[in-house]
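**Q** Please find one structure pasted underneath; my questions will follow.
Laid out in structure tokens, this is it:
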């Protein structure tokens, strides 16, 4: 059985990835997800973004579970 993770992209990151949603399989942590995405979308390496797992912001490598949702968001701005 494969482990599926849903990836969501917001704001300017959808310009980089050309998609707003992607399903990946067998990614056990956020570092593997980042490496996969940067290989698939090289422009993502230069992009600044925040990550959240299941609507919780993360600052470091996070172990993933089947069905997790990882969101990629550009820096917040506004007033």
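Numbering (the numbering used here), first residue to last: 40 to 118.
Positions of the beta carbon are idealized from the N, C-alpha and C atoms, including for glycine.
1) If we call anything under 9 Å between Cβ atoms a contact, is residue 87 one with residue 113?
2) Which word fits residue 82, buried or exposed, when buried means at least 16 other C-beta atoms lie within 10 angstroms of its C-beta?
3) Straight-line CA distance for residue 97 to residue 72?
4) Measure the CB-CB distance between residue 46 and residue 91 and report whether it falls below 9 Å.
5) Starting from the C-beta of residue 66, find all residues in its chain whose C-beta is less than 7 Å away, skip the five residues before and the five after it, and write them out in chain order.
6) Check whether the Cβ of residue 97 sits closer than 8 Å to any heavy atom of the ligand NAD, and report yes or no.
7) In the DSSP assignment, find the unbroken beta strand (DSSP E) run with residue 108 in it and report its ends.
**A** On the basis of the supplied data:
1) Their beta carbons are under 9 Å apart, which means residue 87 touches residue 113 by this criterion.
2) Taking all protein chains shown into account, residue 82 has fewer than 16 neighbouring C-beta atoms within 10 Å of its C-beta and is therefore exposed.
3) One C-alpha to the other measures close to 14 Å.
4) If you check the CB distance, residue 46 and residue 91 do not come in under 9 Å.
5) Excluding sequence neighbours, residue 66 sits near 44, 72, 75 and 103.
6) In the structure on display, the ligand NAD does not appear, and there are no ligands present to speak of.
7) In the DSSP assignment, residue 108 falls within the beta strand (DSSP E) that extends over 108 to 112.
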